[in-house]
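In what follows, a single structure is set out as structure tokens and then discussed.
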Amino acid sequence: MDATSSISANSSESGSGAACGASHKDMANAIRALAMDAVEAAKSGHPGMPMGMADVATVLFTRFLKFDPARPGWPDRDRFVLSAGHGSMLLYSLLYLTGYADMTIDELRNFRQLGSRTAGHPEYGHADGIETTTGPLGQGLGNAVGMALAERMLAARFGGELVDHFTYAIAGDGCLMEGISHEAASLAGHLRLGKLIVLFDDNGISIDGPTGLAVSDDQQARFAAYGWHVQAVDGHDPDAVAAAIAAAQESSQPSLIACKTVIGFGAPTKAGTAKTHGSPLGADEIAGAREKLGWPHPPFAVPDNILEAWRRAGGRGAKTADAWEKCLAKSDSKTRAEFQRRLAGELPKNWTEGLAKLKQAVIADPPKIATRISSQRALEALVPHLPELVGGSADLTGSNNTLVAGQTAIGPGDYGGSYVYYGVREHAMAAAMNGLALHGGVIPYGGTFLVFTDYCRPSIRLSALMRQRVVYVMTHDSIGLGEDGPTHQPIEHLAALRAIPNLNVFRPADTVETAECWELAIATRDRPSVLALSRQAVPGIRQESGENLSAFGGYIMRAADTPRQVTLIASGSEVAIAMAAQAQLAAEGIAAAVVSLPCWRLFQAQPAHYRDEVLDPGSLRVGIEAGSAFGWGTWLAPDGAFVGMSGFGASAPAGDLYKHFQITPQAVVDAVKARL
Ligand SMILES: Cc1ncc(C[n+]2csc(CCOP(=O)(O)OP(=O)(O)O)c2C)c(N)n1
Ligand SMILES: [Mg+2]
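Going left to right, the sequence shown walks through residues 1128 to 1803 as our numbering numbers them.
Here you go:
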């Protein structure tokens, strides 16, 4: 079944709208008018981009895009990403015009208002047809690369009958100026993601004015150098745009189509200038645009014949979707069940079996290993059960311990594996992982050093905002990494990550906790997770394997012998220091409990009585973490002590650094004795 070509073949009869008496120009002008009117009504927004790209988008949605507004979740639909998210009214207009039920004209009237589906920038989950949240420029491009990769990997697994679709993205000058676009485009070129087609809104304008103020890149040469198929067209010539998209579909390379457009097309005095970029055009300019475009209709009114033409374009994909559903129904029952399970994001039965065995084995014979190695052990236990796992690392595979037996790498034109060598491209890795997760059918995890979460942070934030199951495997999580020194030693990173809403930040203390945190990261469908893992070896501490205690976020690792005077609260590699301090204090007749706090967010979600039981507000509390104190007041206020870092680290062997910065059992004992 070649769904795409059947749509293209039908396009001339059902896609042009001519049968209903609506021309391409009418249909594109509907987008322009809705964008002008909605921005005017909201008194804010970005009319220029939708007006400029209306022709290109009309060609794409009426002649090429494989979609069915009645089945927005159809797994083999083409994906459309508006990377230039400020042009949100372009997407909202298209969704309304093509007939998505939840995108009503009232939603357009309520553009940018509280509770509307039509937020300032497209928000994933607010309406069907919004495939990803965009706004931070360039991120959408990275998402599109991940979606295109997911498509190829699923096609390799399930075959072209079930998985064979394009990923389209609209990107502006801003997206291409962003650093992330370099990484993402380079990765896509390397992997030869031929079903990725980027429509570049080549209007030569951004907020400050002509792009020539700030950039002289030859964008076409740049993408050609990445190994892309590159074309340039007049973005207001529908046939030229159509010919370019058709040619792009044929290419085995990812495609860039530079569409020369006029920002704010149709605005009589402001078109072609930055004045149309991000503010309402104003009543006079809009009246002039209506005249110039030949659009005499009142605000938010789309004449029946034009709306009908759009709805017919929206109906083009129904037959293909029917055929696809039949194809799925006819596939063998095992393949169908596995495909449906994976696309639904459900986990197979017994997927935790390997982890349970790992926990029992390390409790019986506790290894002294780094938690990054424990993470590798956890992956070894997970990978055989979870074919949907797509691993990777930004050129630190051997350090992040992200590649395990049974995984093979994907490569250019070869997508049968389950591991991605992302190269030194942390930004693109994180954005692509969002795209992989959003596409569905795969669960991405990827690694780098914890300190370089800074290079992933914009995408981590979007994983959290979109509630995507993405697992960030971040090793070398403190001064404990040693000799690489302060550039590589995270200090404020745990605090900064814990500040991101919806994100689960895990810092496990030993192999048992690492297995538990991995289990939570995979089981939690609606959140991304960061696993902060040590470079240096830590002892096995946990002695019970039954319940997943990390799921409580924090728990008593070792109770005090006599009525508790002190509570030592630590995470990760510092739990072992707390244990040693507890023993020293006991020898001096001071009763301390050790609390392991692998995930603050999960602990915060526990009932107050549980938290009080664990932290014992009547006891002296001491926090121990080889990172910034920022945020620790939550657990230590009003008069607890903190043993950790107050500045940058240094270059030296890890043991020397812990002594130098006084993150030692003795320092903990001293802090306790100074306060008791
Ligand atoms: C990462 C990021 N930086 C800055 C912005 C603010 N911003 C929104 S649109 C824009 C200019 C984009 O120019 P272009 O892509 O050419 O859009 P056009 O003006 O052509 O619509 C900027 C700087 C942003 N949204 N994201
Ligand atoms: Mg521009």
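Glycine included, C-beta positions come from ideal geometry on N, C-alpha and C.
What you are looking at is a predicted structure, and each value in this text was computed from that prediction instead of being measured.
Distance cut-off 6 Å: residue i Cβ against heavy atoms of ligand 4
i: D1611; result: This structure does not include ligand 4; its bound ligands are ligand 1 and ligand 2.
Residue(s) in a DSSP beta bridge with residue i
i: H1615; result: For H1615, which the question treats as bridged, DSSP gives no partner whatsoever.
i: Y1682; result: S1723
i: T1694; result: A1720, R1748
i: N1631; result: S1656
i: R1809; result: Since the first residue of the chain shown is 1128 and the last is 1803, residue 1809 is not available in this structure.
i: F1769; result: G1750
i: I1496; result: V1665
i: M1601; result: T1575, A1659
i: L1420; result: Answer is none; L1420 lacks a bridge partner.
i: I1332; result: P1337
Reduced DSSP secondary structure (H/G/I, E/B, other) of residue i
i: S1313; result: helix
i: Q1595; result: coil
i: F1350; result: helix
i: A1130; result: Only weak support exists for where A1130 lies, its pLDDT of 33 falling under 50; the value from the coordinates is given anyway. If DSSP states are grouped into helix, strand and coil, A1130 belongs with the helices.
i: N1085; result: Outside the shown range of the chain (1128 to 1803) lies residue 1085, about which nothing can therefore be said.
i: S1141; result: Below a pLDDT of 50, predicted positions are generally treated as unreliable, and S1141, at 39, falls in that range; no measurement from the model is reported.
i: T1261; result: coil
i: I1790; result: coil
i: Y1785; result: helix
i: G1754; result: strand
i: F1327; result: strand
i: P1734; result: coil
i: R1802; result: helix
i: S1135; result: Residue placement at S1135 cannot be trusted, given a pLDDT of 34 that sits under 50; the coordinates are not used to answer.
i: M1230; result: coil
i: Y1572; result: strand
i: P1177; result: helix
i: A1146; result: Summary for A1146: the model assigns pLDDT 47, below 50, so the residue's position carries little reliability; its value from the coordinates is reported in the next sentence. Of the three classes helix, strand and coil, the one that applies to A1146 here is helix, per DSSP.
i: V1429; result: coil
i: P1585; result: helix
i: D1797; result: helix
i: P1365; result: helix
i: L1712; result: helix
i: A1197; result: coil
i: D1541; result: strand
Closer than 6 Å: residue i CB and nearest ligand 1 heavy atom
i: D1300; result: yes
i: A1211; result: yes
i: P1263; result: yes
i: S1333; result: yes
i: I1390; result: yes
i: G1175; result: yes
Near ligand 2: residue i beta-carbon under 6 Å from a heavy atom
i: N1631; result: no
i: I1297; result: no
i: N1330; result: yes
i: S1406; result: no
Member of the options whose CA lies at the smallest distance from the CA of residue i
i: E1288; options: E1278, G1607, L1624, L1326; result: E1278
i: C1386; options: D1361, T1396, A1374, P1792; result: D1361
i: A1719; options: V1749, F1730, Q1733; result: V1749
i: L1747; options: C1302, R1625, R1499, F1769; result: F1769
i: S1605; options: A1168, A1456, I1618, T1614; result: I1618
i: A1414; options: D1431, T1396, S1406, T1400; result: T1396
i: G1081; options: H1248, L1209, L1276; result: Here the chain covers residues 1128 to 1803 and nothing more, so residue 1081 does not appear.
i: D1797; options: W1727, G1760, A1650, V1693; result: V1693
i: Q1503; options: L1608, L1658, P1425, A1275; result: L1658
i: P1744; options: F1576, P1765, Q1733; result: P1765
i: A1710; options: V1795, P1725, L1516; result: V1795
i: S1773; options: E1752, D1783, G1767; result: E1752
i: A1450; options: L1303, F1194, D1411; result: F1194
i: L1577; options: M1560, Q1616, R1588; result: Q1616
i: V1806; options: A1705, K1419, A1648, E1250; result: This structure cannot speak to residue 1806, because the chain is shown only from 1128 to 1803.
i: V1475; options: K1484, L1485, K1461; result: In the sequence as presented, Val is not what sits at residue 1475; that position holds Pro. The shortest Cα separation from P1475 among K1484, L1485, K1461 belongs to K1461.
Exercise for the section: Assess, as a yes-or-no matter, whether the segment 1145-1164 is touched by the segment 1319-1338 under the definition of 3 or more beta carbon pairs within less than 8 Å. Expected result: Result no; under three Cβ-Cβ pairs closer than 8 Å.
Practice task
Decide if the segment 1752-1761 is in contact with the segment 1708-1719; the criterion is three or more beta carbon pairs, one per stretch, under 8 Å apart.
Solution key: Too few Cβ pairs lie closer than 8 Å, so no.
Practice task
Count the C-beta pairs between the segment 1555-1563 and the segment 1304-1316 that are closer than 8 Å, then say yes if the count reaches three, no if not.
Solution key: Three or more Cβ pairs closer than 8 Å define a contact, and the segment 1555-1563 meets that threshold against the segment 1304-1316.
Exercise for the section: Would you check if the segment 1634-1645 and the segment 1489-1508 touch, i.e. whether three or more CB-CB distances between them fall below 8 Å? Expected result: Yes, the segment 1489-1508 is in contact with the segment 1634-1645.
Exercise for the section: Could you say if the segment 1606-1616 and the segment 1768-1785 meet the contact criterion of at least three C-beta pairs nearer than 8 Å? Expected result: The segment 1606-1616, when compared against the segment 1768-1785, does touch it at the 8 Å Cβ threshold.
Handout entry: the segment 1566-1583 / the segment 1457-1475 touching (three or more Cβ pairs under 8 Å)
Key = They touch, by the three-pair rule.
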